[in-house]
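**Q** Could you have a look at this structure, given as structure tokens, before my questions?
Protein chains: 2
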Amino acid sequence: MAERRYGQYCGVTRAVELVGERWALLIVRDLLVGPRRYTDLKRGLPRIPTNILSSRLKELQEGGVVRRVPLLSCGLVYELTPYGRALEPILLALGRWGFQTMGEPQEGDVVTSDSLTMALRTAFRPERAVDADYELHVGDVALRVVVRSGDLRVSRASPEAGPEADAVIVADTGVRRLIGGDVTPAEALARDLLTVVRGDERFLGAFAATFHIDPVTATDTPQGSPGHGSPGPCDPAT
Amino acid sequence: MAERRYGQYCGVTRAVELVGERWALLIVRDLLVGPRRYTDLKRGLPRIPTNILSSRLKELQEGGVVRRVPLLSCGLVYELTPYGRALEPILLALGRWGFQTMGEPQEGDVVTSDSLTMALRTAFRPERAVDADYELHVGDVALRVVVRSGDLRVSRASPEAGPEADAVIVADTGVRRLIGGDVTPAEALARDLLTVVRGDERFLGAFAATFHIDPVTATDTPQGSPGHGSPGPCDPAT
DNA sequence: CCGGATCCGAATCGATACTG
DNA sequence: CAGTATCGATTCGGATCCGG
């Protein structure tokens, strides 16, 4: 099980050797939410084969990204090492980047608690954040989302204790267009992309201000430096 | 050739579906330096099978990451779309992350012009940059590295025109320890990790100030939020 | 239930050869 | 220069099984 190498002495190469294998970054994504048991990971990644999960965890441990922590008489959990946690800004940026071309969900796609939590983190704008307390339902995931003084805290919504949040938003995948700015809160309500089942509908404005991802933001360097130009002095056609 | 899906409706998932396949991010890395021909990419990725390069380029085009641009009577090049270029900060961060655990080169590892260029970009500190003009040799790659008023420009060193740069640094892979801060410029010279074949050796101090990657920088959130805690109220052992 | 290990067919990857 | 074709080696996916 020697790790598959690319044969280059380079930081990017080393990085993709550590976390570039199939499923690895999704495991890291879930572990960024918190330590997880083997079974939690399996539930959060419904289509991962168990032998692959097992291999990845082993490789991530060898790479110093993940640590295996036994709990006193309670089984064990996997958690990120400090080195693994340093991937957080990278995964948030990757999530923002991928968000922009997500389109509509494909048949069979699921939304998991951890992926939705990370999605909210990627979209969170501390500088525009409006204090509020939401309960957000997407698919069959229900999260409690508390925004307070520029800080975001996401946890699972407790099923029994009902009337706690300021607003309960039910938004099966339509929340993407709100966060992406494709629709205004009013439009989203009018087109029934989501509903506010309890609390003032105006909390939707606060939500849209707090969670937002704008389209692209490419660095507009004029595409590469000259001097590397193997292409030479030819103009692009069209 | 249907893209291999993970079955999750999530930004990170979408991102790894677009650029997570083997070799894809290394292709993007090279294209971040500038538009490249098929053959350039092949030379820059010596161990990529040509059919894989072909497949990846096709997939990256379908994903809107790469564009195929015919040159007037001069063949064609691949270049990043604006969406693809938006990966630049992510690849730079990944490069910094991987850099920290690169260790010594393995047998057969190569350093390519594009990978070294990107490595310099990942390590570049505009705020500490000292204006200078280097010629940097690593392996059989020779780059011209010009730092001027907080700006970095890297190009291939022209083999014939010799005496141009302020200093010529020859540093087969030892430059990693200098950039990583493992050694001071003086130590690097004393231990013969690199040599300054022309120009004042003090340019090495400028170089080390300008190009630097420090160890880790993990966000020190106390490891995940409570409320997600399936692990429950058990203390970690040890 | 938890934490995997094992087995096997299907898909992908790697290496080389070949072509317009 | 810019790929396609072929084929064996690996890896992945899906299912089952097993010890605590």
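Residue numbers (this note's numbering), protein chains in the order written: chain A, 1 to 238; chain B, 1 to 238.
Every residue, glycine too, gets a C-beta built ideally from N, C-alpha and C.
1) Quick one: grab the DSSP three-state call for V61 (chain B).
2) Can you name the start and end residues of the alpha helix (DSSP H) that D40 (chain B) belongs to?
3) With a 10 Å radius around its C-beta and 16 neighbouring C-beta atoms as the bar for buried, classify R191 (chain B) as buried or exposed.
4) For F99 (chain A), would you say it is in contact with chain B, using Cβ-to-Cβ distances shorter than 8 Å as the test?
5) Any idea what DSSP makes of I213 (chain A), helix, strand or coil?
6) Could you compute how far the alpha carbon of T13 (chain B) sits from the alpha carbon of L120 (chain A)?
7) Please confirm if L240 (chain B) has its CB atom under 8 Å from at least one CB of chain A.
8) Quick one: which chain A residues come within Cβ less than 9 Å of S115 (chain B)?
9) Taking only beta-carbon atoms, is Q106 (chain A) less than 8 Å away from chain B?
10) So D109 (chain A) is in the beta strand (DSSP E); what residue range does that whole segment cover?
11) In chain B, what lies closer than 8 Å to E110 (chain A) by C-beta?
12) Tell me which residue opens and which closes the alpha helix (DSSP H) that I179 (chain B) is part of.
13) Between B:E164, B:T112, B:E17, B:W97, which has its C-alpha nearest K42 (chain B)'s C-alpha?
14) Check whether the region 175-183 of chain A and the region 53-66 of chain A are in contact - that is, three or more C-beta pairs closer than 8 Å.
15) Tell me whether D30 (chain B) is buried or exposed, calling it buried when 16 or more other Cβ atoms sit within 10 Å of its Cβ.
16) With a threshold of 8 Å, are at least 3 pairs of Cβ atoms found where one atom belongs to the region 129-148 of chain A and the other to the region 89-99 of chain A?
17) Per DSSP, D133 (chain A) forms a beta bridge with which residues?
18) With C-beta atoms as the reference, is G181 (chain A) less than 8 Å away from D114 (chain A)?
19) Listing by chain order, which chain B residues have their CB less than 9 Å from the CB of P46 (chain A)?
20) Check the Cβ of I90 (chain B) against every Cβ in chain A and list those closer than 8 Å, keeping chain order.
21) Do the CB positions of L87 (chain A) and V28 (chain A) come within less than 8 Å of each other?
22) Please decide whether S230 (chain B) counts as near chain A, where near means a Cβ-Cβ distance under 8 Å.
23) If contact means a Cβ-Cβ distance below 9 Å, which residues of the region 164-195 of chain A contact chain B?
24) Return helix, strand or coil for T195 (chain B), following the three-state DSSP convention.
25) According to DSSP, which residues form a beta bridge with E79 (chain A)?
26) Is the shortest distance between the beta-carbon of A237 (chain A) and the beta-carbons of chain B less than 8 Å?
27) Answer with yes or no whether the minimum CB distance from P226 (chain A) to chain B is below 8 Å.
28) Is A167 (chain B) helix, strand or coil by DSSP?
29) Less than 8 Å separating the beta-carbons of G139 (chain B) and D172 (chain B)?
30) Let's test the definition: count the other Cβ atoms within 10 Å of the Cβ of P35 (chain A) and tell me whether it reaches 16, buried, or not, exposed.
31) Can you have a look at P233 (chain B) and say buried or exposed, based on whether 16 or more other CB atoms are within 10 angstroms of its CB?
32) What's the C-alpha gap between S149 (chain A) and G98 (chain A)?
33) List, in chain order, every chain A residue whose beta-carbon is nearer than 7 Å to that of T210 (chain B).
34) Do V141 (chain B) and Y134 (chain B) have their beta-carbon atoms positioned less than 8 Å apart in this structure?
35) Can you name the residues of chain A whose CB is closer than 7 Å to the CB of A122 (chain B)?
36) Verify the CB distance criterion: does G20 (chain B) have a CB-CB separation below 8 Å to chain A?
**A** Working from what's here:
1) If you number the second sequence from 1, residue 61 (chain B) lands on position 61. Val is not the amino acid found at residue 61 (chain B); the sequence shown has Gln there. Q61 (chain B): helix per DSSP, three-state reduction.
2) Taking the second sequence and counting its residues from 1, the one referred to as residue 40 (chain B) is at position 40. DSSP places D40 (chain B) in the uninterrupted alpha helix (DSSP H) bounded by 38-44.
3) Numbered from 1 along the second sequence, position 191 holds the residue referred to as residue 191 (chain B). So R191 (chain B) ends up on the exposed side.
4) Here residue 99 (chain A) refers to the residue found at position 99 when the first sequence is read from its first residue. So, interface residue.
5) Taking the first residue of the first sequence as position 1, residue 213 (chain A) is located at position 213. Coil.
6) Position 13 of the second sequence, counting from 1, holds the residue named residue 13 (chain B). Position 120 of the first sequence, counting from 1, holds the residue named residue 120 (chain A). Going from the Cα of T13 (chain B) to the Cα of L120 (chain A) covers about 14 Å.
7) Residue 240 (chain B) lies beyond the residue range present for chain B, which begins at 1 and ends at 238; the question has no answer from this structure.
8) Reading the second sequence from its first residue, position 115 is the one you call residue 115 (chain B). Neighbours of S115 (chain B) on chain A, chain order: Q8, Y9, C10, G11, V12, T13.
9) Along the first sequence, one-based indexing puts residue 106 (chain A) at 106. Chain B, which has a Cβ nearer than 8 Å to the Cβ of Q106 (chain A), makes this yes.
10) For the purposes of this step, residue 109 (chain A) is taken as residue 109 along the first sequence, with counting starting at 1. Looking at the DSSP string, D109 (chain A) is not in any beta strand (DSSP E), and its letter there is neither H nor E.
11) Counted from its first residue, the first sequence places residue 110 (chain A) at position 110. Correcting the residue identity first, residue 110 (chain A) is Val in this sequence and not Glu. Neighbours of V110 (chain A) on chain B, chain order: G7, Q8, Y9.
12) In the second sequence, residue 179 (chain B) corresponds to position 179, counting from 1. It spans 175-179 - the alpha helix (DSSP H) in which I179 (chain B) sits, taken as one unbroken run.
13) Along the second sequence, read from residue 1 onward, the residue named residue 42 (chain B) stands at position 42. If we check each option's Cα against that of K42 (chain B), B:T112 comes out closest.
14) no
15) Position 30 of the second sequence, counted from the first residue, corresponds to residue 30 (chain B). The residue in question, D30 (chain B), is buried, as its Cβ has 16 or more Cβ neighbours within 10 Å.
16) no
17) Position 133 of the first sequence, counted from the start, is the residue given in the question as residue 133 (chain A). DSSP output for D133 (chain A) lists A:V146 as bridge partner(s).
18) Position 181 of the first sequence, counted from the start, is the residue given in the question as residue 181 (chain A). Position 114 of the first sequence, counted from the start, is the residue given in the question as residue 114 (chain A). The answer is no: Cβ separation not under 8 Å.
19) In the first sequence, counting from the first residue as 1, residue 46 (chain A) sits at position 46. Those are G7, Q8, listed as they occur along chain B.
20) In the second sequence, residue 90 (chain B) corresponds to position 90, counting from 1. The answer, in chain order, is I90, A93, L94, W97.
21) In the first sequence, the residue the question calls residue 87 (chain A) occupies position 87. In the first sequence, the residue the question calls residue 28 (chain A) occupies position 28. Yes, Cβ-Cβ distance for L87 (chain A) and V28 (chain A) is below 8 Å.
22) Indexing the second sequence from 1 puts residue 230 (chain B) at position 230. In this prediction, S230 (chain B) has a pLDDT of 48, which is less than 50 and means its spatial position is unreliable; nothing more can be read from the coordinates.
23) T173, R176
24) Position 195 of the second sequence, counting from 1, holds the residue named residue 195 (chain B). Looking at T195 (chain B) - three-state DSSP - the assignment turns out to be strand.
25) As a position in the first sequence, residue 79 (chain A) is number 79, starting the count at 1. Answer by DSSP bridge pairing, in chain order: A:R67.
26) Counting from one through the first sequence, the residue named residue 237 (chain A) turns up at place 237. In this prediction, A237 (chain A) has a pLDDT of 44, which is less than 50 and means its spatial position is unreliable; what the coordinates show is noted afterwards. Residue-level contact check: A237 (chain A) touches chain B, since one or more beta carbons of chain B fall below 8 Å from its beta carbon.
27) On the first sequence, position 226 is the one that residue 226 (chain A) refers to. The pLDDT assigned to P226 (chain A) is 43, lower than 50, so where the model puts this residue is not dependable, and the model offers no usable value.
28) Within the second sequence, residue 167 (chain B) is the residue found at index 167, counting from 1. Correct three-state label for A167 (chain B): strand.
29) Within the second sequence, the letter at position 139 stands for residue 139 (chain B). Within the second sequence, the letter at position 172 stands for residue 172 (chain B). For G139 (chain B) and D172 (chain B), yes; Cβs fall inside 8 Å.
30) Position 35 of the first sequence, counted from the start, is the residue given in the question as residue 35 (chain A). That one is buried.
31) By 1-based counting over the second sequence, the position of residue 233 (chain B) is 233. Summary for P233 (chain B): the model assigns pLDDT 44, below 50, so the residue's position carries little reliability, and this model does not support an answer.
32) Locating residue 149 (chain A) in the first sequence gives position 149, counting from the first residue. Locating residue 98 (chain A) in the first sequence gives position 98, counting from the first residue. Rounded to the nearest angstrom, the two C-alpha atoms are 28 Å apart.
33) Mapped onto the second sequence, residue 210 (chain B) falls at position 210. Within chain A, no residue comes near T210 (chain B); the closest Cβ sits about 17 Å away, beyond 7 Å.
34) Within the second sequence, the letter at position 134 stands for residue 134 (chain B). Within the second sequence, the letter at position 141 stands for residue 141 (chain B). Their beta carbons are not under 8 Å apart, which means Y134 (chain B) does not touch V141 (chain B) by this criterion.
35) Position 122 of the second sequence, counted from the start, is the residue given in the question as residue 122 (chain B). The question names Ala, but residue 122 (chain B) in the sequence shown is Thr. Within chain A, the residues near T122 (chain B) are G11.
36) In the second sequence, counting from the first residue as 1, residue 20 (chain B) sits at position 20. With 8 Å as the cut-off, G20 (chain B) counts as an interface residue toward chain A.
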